[in-house]
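Single-structure report; data block below.
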Amino acid sequence: IRSPDRLNLEKIAEETNTSKGVVLYTLSSFLRELEDFHDFLTTRYENWTPGRRHLYEKLNIYLKRLYVTAPIFNYQRAKKNIDVLHYLLSNSYYWPHITTQLALLIFVTDRNDPDVNEKAYILQKNLRMLCTCSAYAFHCARNRLSISKKGKLKKTT
């Protein structure tokens with residue numbers, strides 16, 4: 707995670723009609739919070755206790771922390787989608803790492819939000835970086851749960 711170069715900083719300042727100092731301060735604050743969230747995901751030790759309720763609460767905590775850091779998705783829809791995701795996971799007897807669940811949850815929420823234009827979707831690589839989820843784990847879980855690239859369940863015959 708790095709700060710923008712001078713050219714991009716000038717472009718952002720021009721687009722938003724603000725000074726470069728304000729843009730730099732805002733971006734620096736955001737990147738610092740993002741780095742803190744990344745450290746939270748990668749270094750925080752969490753006991754893995756079985757039980758759907760514990761997983762739900764843990765995912766909800768991570769989701770809220772991510773939303774506070776970067777409000778780029780519909781939080782209320784994502785909270786409702788936790789139940790759907792856990793239903794799919796329990797039916798397939800597959801429980802990926804919590805960061806993979808978080809990335810899948812935001813991916814599906816973003817793709818199925820009627821208020822979001824197709825060109826405004828969160829890029830998968832940015833989402834995976836934000837949730838510290840590997841591409842392999844993300845696509846493996848997505849394929850195992852039969853979720854298409856558009857965030858919909860694939861029809862099974």
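So for the sequence shown, our numbering puts the first residue at 707; every next one is plus one.
Quick reminder that beta carbons are idealized off the backbone N, C-alpha and C, glycines included.
All figures in this text were calculated on a predicted structure; none of them were measured in a lab.
Please determine, among the options, the residue with the shortest C-alpha to C-alpha distance to residue i.
{"i": "Thr-748", "options": "Cys-837, Lys-860, Leu-859 and Phe-844", "result": "Cys-837"}
{"i": "Asn-787", "options": "Ile-778, Leu-810 and Tyr-773", "result": "Leu-810"}
{"i": "Leu-649", "options": "His-744, Lys-785 and Asn-823", "result": "Nothing about residue 649 can be read from this structure; the chain reaches only from 707 to 863."}
{"i": "Ser-746", "options": "Lys-770, Arg-758 and Lys-785", "result": "Rather than Ser, the amino acid found at residue 746 in this sequence is Phe. Taking only the C-alpha atoms, the option nearest Phe-746 is Lys-770."}
{"i": "Glu-763", "options": "Ile-804, Lys-858, Gln-830 and Ala-719", "result": "Ile-804"}
{"i": "Asn-849", "options": "Ala-784, Lys-717 and Ser-798", "result": "Ser-798"}
{"i": "Leu-808", "options": "Thr-722, Asp-819 and Lys-785", "result": "Lys-785"}
{"i": "Ser-852", "options": "Val-728, Ala-841, Val-814 and Thr-722", "result": "Val-814"}
{"i": "Met-835", "options": "Glu-741, Arg-712 and Lys-856", "result": "Glu-741"}
{"i": "Pro-710", "options": "Leu-737, Asn-723 and Glu-721", "result": "Leu-737"}
{"i": "Asn-823", "options": "Thr-724, Lys-856 and Arg-759", "result": "Lys-856"}
{"i": "Thr-761", "options": "Ser-735, Asp-789 and Arg-783", "result": "Note on identity: in this sequence residue 761 is Leu, with Thr being the wrong assignment. Cα-wise, what sits closest to Leu-761 is Asp-789."}
Short check: CB of residue i to CB of residue j, under 7 Å?
{"i": "Thr-806", "j": "Ala-776", "result": "no"}
{"i": "Tyr-781", "j": "Tyr-773", "result": "yes"}
{"i": "Trp-801", "j": "Leu-795", "result": "yes"}
{"i": "Val-728", "j": "Ile-718", "result": "no"}
{"i": "Arg-726", "j": "Leu-715", "result": "Note that residue 726 corresponds to Lys in the displayed sequence, not to Arg. Yes, the pair counts as a contact, with Cβ atoms nearer than the cut-off."}
{"i": "Ser-854", "j": "Lys-861", "result": "no"}
If I follow the unbroken alpha helix (DSSP H) through residue i, where does it start and stop?
{"i": "Cys-846", "result": "841 to 850"}
{"i": "Phe-779", "result": "From DSSP, Phe-779 is part of no alpha helix (DSSP H); its letter is neither H nor E."}
{"i": "Val-814", "result": "804 to 817"}
{"i": "Lys-664", "result": "For the chain, the structure presents residues 707 to 863; residue 664 sits outside this window and is missing."}
{"i": "Leu-833", "result": "830 to 836"}
Please go through the same chain and pick out, in chain order, the residues whose beta-carbon is closer than 8 Å to the beta-carbon of residue i, but skip the five residues on each side of it.
{"i": "Tyr-827", "result": "Asp-816 and Arg-817"}
{"i": "Asp-779", "result": "Note on identity: in this sequence residue 779 is Phe, with Asp being the wrong assignment. So the qualifying residues of the chain are Tyr-773, Ile-812, Thr-815, Asp-816, Asp-819 and Ile-828."}
Which same chain residues, not among the five before or five after residue i, have their C-beta less than 6 Å away from its C-beta?
{"i": "Leu-791", "result": "Leu-811"}
{"i": "Thr-863", "result": "Here Thr-863 scores only 49 on pLDDT, less than 50, and its place in the model should not be relied on; the value that follows carries that caveat. Around Thr-863: no qualifying Cβ."}
{"i": "Glu-739", "result": "Thr-775"}
Just to confirm my understanding: we take residue i, look at its own chain, exclude 5 residues before and 5 after, and list those with CB closer than 7 Å. What are they?
{"i": "Leu-829", "result": "none"}
{"i": "Ala-847", "result": "Pro-802, Thr-806 and Leu-810"}
{"i": "Ala-841", "result": "Arg-834"}
Starting from the N-terminal side, write out each stretch of the alpha helix (DSSP H) that is 4 residues or longer and does not extend beyond the segment 722 to 767.
Here the runs fully enclosed are 726 to 749.
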